[in-house]
Amino acid sequence: MLRSFIGFLVVLLFVASCDSGTSGKRKEKKQIISFPNKTIDSVFSRKKLRAATDYGSVSYLIYRGEPIGYQYELLQNLTKYLGVDLELIIVKDIDRSIEMLNNGDIDLIAMGLTVTTNRSRLLEFTAPILATKQMLVQRKPDGYQKMKTADEIESHLIRDQMDLAGKTIYVQKGTIYVNRLLTLANEIADTILIIEEDKDTEELIAAVAKGKIDYTVSDKYIALVNTRYYPNIDVKTPLSFSQKIAWATKKGQTDFTDTINNWLVQFNKTMLSRLIYNKYFKNIRARRITQSQYNSFSGGHLSPYDEEIKKASAIVGWGWRILASLIYQESEFKPNVKSWVGAYGLMQMMPITLEKYGLDSTASPEQQITAGSKYLKYLDKQLPHEITDSTERIKFVLASYNAGIGHVFDARRLTQKYGANPNKWTANVDHFILNLSDKEFYHDSVVYYGYLRGDETYNFVNEILERAEQYKHLIAD
C-alpha cells in the first residue's frame, strides 16, 4: 500500500510538471478534483455514505446481536454497489433529518418518506422503494378474543372516515399525517383534534396497544409489521390512497439521486431484492423476531449471556457492548461452536489458552466469557504504557486477540520506522498491519513474526467497534 501511495505521488508530480506544452500553444489548466460541492463526489472522496434512518421494527434494529432492518439491508447493498462504507445515523425527527441534510451533516435520508408535492420542492426523491397507504391505528375492544362473531368486534371499530368526527388522533411530528387529517376534517365538515408528538410512529402505535391513547396514523407497511408485536391493534381502515415511499437527497443533487436510481432499478430486478422484501413483510419467520427477547425493539436483549458479559466486562475494563460485539464476531453467541483450527466456544479460544485458565471444551458459557475477558486483560498488560488513549488501546487489544500480539508489535515497529505514530492504531499502525501481507514489509528487518493476512485483523477491529456503536444506540444498559 505504501508503494502504491508513493506511485500515486509520482503521477501527481508528473502531471504538475506538464503545465506547458512544447508546441508553444497555450495549455488549458485542468482541475484534478472537480465539483467538491457535489454530494456524490463527497461520498467517494471520504469513502463513506452518511445515511439517516429511524430506529424501529422495519427500518433498523438488532436481533441476536446482528443489525437488521429493511432500510438497513437496502443501504448495505447500495454502499456495496458504490464501494464505500456505511455510516448510519439514527434520527427520530423528520424535520431534524431534513435540517441535517441541508447542513451537509448527512448525504441521504433513508427513513421511508412519503413523496408529496410540497416535499419535492425541498428535496430530491429517489425512485420509490415502496408503495403504501396511510392507515388508522386503533385498539380492538377489550375481550375481543372471546367475542363470538367478527361483526361484534367490528361494531367497536371505526371503518367509515365520517366517524373520525370529534376524535383525538396523535401523530408523529413532521409527518404528512397532519395534512391528511386536516383534509379529512374538511371533507367530513367536522372537527378532528390532531396532536403532534415528538414520539415516533411506532412509539405511538405501542401507546394505542397499551391503552394510553386511542388513535394514531401509520403507513400501512409499518402498521402491518406492528400487528405482530401488538395483536390487539387494528390497522384495516385506510385514510389515504396509495402513496410512494422513497429516500431523499439534498435539493439539486441530481447526480447522486440518479446514481442511486441506477442501482435501485437494477437491484429491484434481483432475487435478493425480493428476498429482503419478503423477509420483513411476508415471511412467517419474521414473527419469531418480533416475539424474541433478543430483539432490541421489543425485547431489549442482545443474547442469552448479557448478564454474564456485563459482569465479565469489568475484568477488562471495557463497556459491556464492546465485549458483546467481540463475542458475536467470534461465535454469534453460540457456546459450542468449533473452528477448523480448533478454537472453541463463545470467544473462540484455542485449547492451549483455555488450559491456561483451567478449562476445556466442557466449560460453561459463563466460564468461557470470564476466561476470555481475563485473556483480554492479559493482552492489555503486554502493551506499552505509551498507548494512553483508551479507545486506541482497545483497538490494539482486539488486534492482538485476533492476530497475536507479536504481529501487532511488528506493525508498531514498522510504523515507527516509517515515521508514523506507533501508539495510535487508526491511520497509523493499522496501515502497517495491512502491509504485513506484502513481502517487502514482512521481510523487513524489524519484523520478527513474518507474514500476516492483515486485512482480516484490520476488518476484525473495525467491524467489532462499528457493531458496538450500533449496540450502544439500540440496546440500553
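Taking my numbering, the leading residue of the sequence shown gets -15, the next gets one more, and so forth. Every residue gets a Cβ at the ideal spot worked out from N, C-alpha and C, and that includes glycine. Every value quoted in this text rests on a predicted model; they were computed, and no experiment measured them.
Closest Cα partner of residue i within the set the options
| i | options | result |
| --- | --- | --- |
| Phe109 | Thr410, Arg305 and Leu248 | Leu248 |
| Ile142 | Asp198, Ile93 and Ser257 | Asp198 |
| Val392 | Asp89, Tyr432 and Ile244 | Tyr432 |
| Lys318 | Lys204, Val27 and Pro288 | Pro288 |
| Gly127 | Asn216, Ala173 and Leu58 | Asn216 |
| Leu148 | Met119, Gly158 and Lys157 | Met119 |
| Glu314 | Ile299, Gly356, Glu350 and Lys117 | Gly356 |
| Tyr435 | Thr200, Asn446 and Asp422 | Asp422 |
| Glu453 | His415, Glu440, Thr375 and Thr441 | Thr375 |
| Ser26 | Asn170, Leu66, Ala111 and Ser43 | Leu66 |
| Glu450 | Leu307, Leu420 and Arg258 | Leu307 |
| Ile448 | Leu33, Asp38, Pro51 and Thr37 | Pro51 |
| Tyr359 | Val381, Thr372 and Thr346 | Val381 |
| Ile470 | Pro125, Asp184, Gln145 and Tyr56 | As shown, the chain starts at -15 and ends at 461. That puts residue 470 outside it, with no answer to give. |
| Pro125 | Lys32, Ala193 and Gln60 | Ala193 |
| Pro368 | Asn386, Leu259 and Gly390 | Gly390 |
| Pro406 | Met255, Lys132 and Lys379 | Lys379 |
| Ser257 | Gln129, Asp373, Tyr56 and Ala35 | Tyr56 |
| Asp461 | Gln250, Asp290, Gln145 and Tyr328 | Asp290 |
| Met84 | Lys130, Ala35 and Asp373 | Ala35 |
| Tyr47 | Thr133, Gly284 and Trp324 | Gly284 |
| Ile299 | Ala327, Lys361, Asp89 and Asn170 | Lys361 |
| Gly150 | Thr221, Glu136 and Ile176 | Ile176 |
| Tyr426 | His415, Asp394, Gly403 and Ala404 | Asp394 |
| Lys263 | Thr221, Glu316, Pro222 and Val209 | Val209 |
CB contact check: residue i to chain C, cutoff 8 Å
| i | result |
| --- | --- |
| Glu447 | Judged by its chain identifiers, the structure shown contains no chain C, having just a single protein chain. |
Residues that residue i bridges to, as DSSP identifies them
| i | result |
| --- | --- |
| Leu72 | Ala35 |
| Val431 | None; Val431 has no bridge partner. |
| Gln156 | Glu181 |
| Lys322 | Tyr328 |
| Pro222 | Met119 |
| Lys456 | The partner list for Lys456 (beta bridge, DSSP) is empty, contrary to what the question assumes. |
| Asp25 | DSSP, once it has assigned bridges, lists no residue as partnering Asp25. |
| Ile229 | Thr98 and Leu114 |
| Gly40 | Tyr44 |
| Lys234 | Leu107 |
| Ile217 | Arg123 |
| Met333 | Tyr328 |
| Ser202 | Met119 |
Whether residue i touches residue j by CB criterion (8 Å)
| i | j | result |
| --- | --- | --- |
| Gly40 | Glu186 | yes |
| Leu418 | Ser384 | no |
| Tyr214 | Phe265 | no |
| Gly230 | Ile113 | Checking the sequence, you will find Ala at residue 230 rather than Gly. Yes; because the gap between Cβ atoms is below 8 Å, this pair is in contact. |
| Val121 | Val155 | no |
| Ile93 | Ala296 | no |
| Arg437 | Val413 | no |
| Ser224 | Lys117 | yes |
| Ser139 | Gly96 | no |
| Ile172 | Thr152 | no |
| Asp91 | Leu166 | no |
| Gly158 | Asp79 | yes |
| Lys401 | Val445 | no |
| Leu463 | Asp439 | Because the chain here runs from -15 to 461, residue 463 falls outside it and cannot be looked at. |
| Ile244 | Leu106 | no |
| Leu286 | Tyr455 | yes |
| Asp69 | Lys31 | yes |
| Gln227 | Ala115 | yes |
| Thr441 | Asn386 | yes |
Cβ-Cβ separation, residue j to residue i (assumed contact under 8 Å), whole Å
| i | j | result |
| --- | --- | --- |
| Lys408 | Asp239 | Their Cβ separation, rounded to whole angstroms, is 36 Å, which puts Lys408 and Asp239 out of contact at 8 Å. |
| Leu458 | Leu58 | Not confirmed; about 18 Å, so no contact. |
| Gln332 | Leu343 | No, Gln332 and Leu343 are not in contact; Cβ-Cβ is about 13 Å, not under 8 Å. |
| Ile353 | Leu330 | 6 Å |
| Trp304 | Ile293 | 5 Å |
| Lys234 | Asn102 | That pair is no contact at about 16 Å. |
| Asp38 | Val75 | 7 Å |
| Tyr54 | Ile260 | 7 Å |
| Tyr341 | Pro335 | The Cβ separation is near 11 Å, so there is no contact. |
| Ile137 | Met146 | So it is not a contact: roughly 20 Å between Cβ atoms. |
query = Can you list the beta strand (DSSP E) stretches of 3 or more residues lying completely in the region 92 to 142, in chain order?
reply = Whole beta strand (DSSP E) segments, 3+ residues: 92 to 98, 107 to 109, 114 to 116 and 118 to 123.
inquiry  = Going residue by residue through the region 370 to 424, where are the continuous alpha helix (DSSP H) segments of at least 4 residues, counting only ones entirely within it?
reply    = 374 to 387, 389 to 401 and 414 to 419
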